[in-house]
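Read through the structure below, which is laid out as structure tokens, and then see the notes.
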Amino acid sequence: MKSNFKIFALATLGAAGLVWVGCTTQIAPFGAYNPAASNPALVSNFESGLLKENVLLYEVGKPSNHVVTAGSFAAGYFDPLLATGTVVIASPGANGSSKACHLSGTIDDPETSPGGYDSLSITDPVEMSGGLYNASFFTGIQFYIKVSSSDNAASRQFTMPIDQTQPPPAPGVCGTGAYPNLTHCYDDFLFDYTSIARDQWVLFRLNFSDMKQGGYGSPVNPPDLNSHLDKIMYLTWSEGNAAQATHFIMDFWLDDVEFF
-7 MKSNFKIFAL
3 ATLGAAGLVW
13 VGCTTQIAPF
23 GAYNPAASNP
33 ALVSNFESGL
43 LKENVLLYEV
53 GKPSNHVVTA
63 GSFAAGYFDP
73 LLATGTVVIA
83 SPGANGSSKA
93 CHLSGTIDDP
103 ETSPGGYDSL
113 SITDPVEMSG
123 GLYNASFFTG
133 IQFYIKVSSS
143 DNAASRQFTM
153 PIDQTQPPPA
163 PGVCGTGAYP
173 NLTHCYDDFL
183 FDYTSIARDQ
193 WVLFRLNFSD
203 MKQGGYGSPV
213 NPPDLNSHLD
223 KIMYLTWSEG
233 NAAQATHFIM
243 DFWLDDVEFF
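All the letters of the sequence shown, read from the start, carry residue numbers -7 to 252 under my numbering.
Structure follows, in structure tokens:
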């Protein structure tokens, strides 16, 4: 059984490599963002050719109301020994655009107990300065997803982990003495799109008020996502094995991620 959860996010900065393991260390921006993508609600449309988030993304309470240290899209894992994957810029994108974010990888886990759930994801730590993003300017998020017909993942979800659903290191507080009722972590606010159509771009437009916890962990307090918009840790597009001992292929694209 695997009970220790970490996200291993891999990204490239020039010739240097960065491994991000759920920490809050500040890092320098990966490069200038495409000037054409100056919409302050835009997280990324990937047209810059970089996995970097929009450095002009609005954020409540930060200087000039913009993110201080923008995150980057990278591969996230439950267990990097069982799941392998890469996240790259690929062509074409949604709506006739030239670029998108593409994840490809596999999961091979012989364990079938509930604790044997593994996943592979595209993960964006929205605000690297302090580890928490404040999305209170917005009421929801939209994005395009395209899943290949070769992709046989057992589950597909968009999740928004917050401090109360994630354990330490900080800013995660689930399972700490300050929150004794939060004994079962990782029950993030989510939207499930497992049954998505294949080989075509699909737009999802989600109100924060419609996103709920999965129900398999400790309920947060207050129970609605709108009460925690200042405590967002990541944006995550995840595919999993649902604790099945099968060779799973993950192959999907993400584009035009934007708050509204």
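All C-beta atoms, glycine included, are put in the ideal place defined by N, C-alpha and C. Bear in mind that the values here come from a model prediction, so they are computed numbers and not experimental data.
What first and last residue would you give for the beta strand (DSSP E) that runs through residue 148?
Position 156 of the sequence shown, counted from the first residue, corresponds to residue 148. 147 to 152 is the extent of the beta strand (DSSP E) around residue 148.
What runs of the beta strand (DSSP E), each 3 residues or longer, lie entirely inside the segment 168 to 232?
Residue ranges of uninterrupted beta strand (DSSP E) with 3 or more members, entirely inside the segment 168 to 232 and ordered along the chain, are 181 to 184, 194 to 199, 227 to 232.
With a cut-off of 8 angstroms, do at least 3 Cβ pairs link the segment 227 to 238 to the segment 190 to 208?
The segment 227 to 238 vs the segment 190 to 208: no contact.
Look up residue 155 in the DSSP assignment and say whether it is helix, strand or coil.
By one-based count along the sequence shown, residue 155 stands at place 163. It is helical.
Considering only their Cβ atoms, is the gap separating residue 129 from residue 150 smaller than 9 angstroms?
Working through the sequence shown from its first residue, we reach residue 150 at position 158. Working through the sequence shown from its first residue, we reach residue 129 at position 137. No. Outside cutoff.
To test your reading of the DSSP string, which unbroken beta strand (DSSP E) runs of 3 or more residues are found completely within the segment 38 to 72?
Qualifying beta strand (DSSP E) stretches, in chain order: 66 to 69.
Buried or exposed (CB count within 10 angstroms, at least 16 for buried), residue 52:
Translated into the one-based positions of the sequence shown, residue 52 becomes position 60. With fewer than 16 other Cβ atoms within 10 Å, it is exposed.
Between the segment 120 to 135 and the segment 215 to 225, do at least 3 Cβ pairs fall closer than 8 angstroms?
The way I'd put it, the segment 120 to 135 does touch the segment 215 to 225; three or more beta-carbon pairs between them come closer than 8 angstroms.
For residue 239, report the span of its beta strand (DSSP E) as first-last.
Stepping through the sequence shown from its first residue, residue 239 is reached at position 247. Careful: residue 239 lies outside any beta strand (DSSP E) and carries neither H nor E.
Taking 6 angstroms as the limit between beta carbons, can you name the residues of its chain near residue 94, skipping five residues before and five after?
Reading the sequence shown from its first residue, position 102 is the one you call residue 94. Around residue 94: 80, 82, 245.
Less than 9 angstroms between the beta carbons of residue 86 and residue 247, yes or no?
Reading the sequence shown from its first residue, position 94 is the one you call residue 86. Reading the sequence shown from its first residue, position 255 is the one you call residue 247. Cβ distance < 9 angstroms, so residue 86 and residue 247 count as in contact.
Buried or exposed: residue 218, going by 16 or more other Cβ atoms within 10 Å of its Cβ?
As a first step, residue 218 must be located in the sequence shown, where it is residue number 226. Label assigned to residue 218: exposed.
Look at the alpha carbon of residue 168 and the alpha carbon of residue 84, and state the distance between them as a whole number of angstroms.
As a position in the sequence shown, residue 168 is number 176, starting the count at 1. As a position in the sequence shown, residue 84 is number 92, starting the count at 1. Rounded to the nearest angstrom, the two C-alpha atoms are 45 angstroms apart.
Comparing C-alpha positions only, which one of 165, 100, 62, 57 sits nearest to residue 227?
In the sequence shown, counting from the first residue as 1, residue 227 sits at position 235. Scanning 165, 100, 62, 57 for the CA closest to the CA of residue 227 turns up 62.
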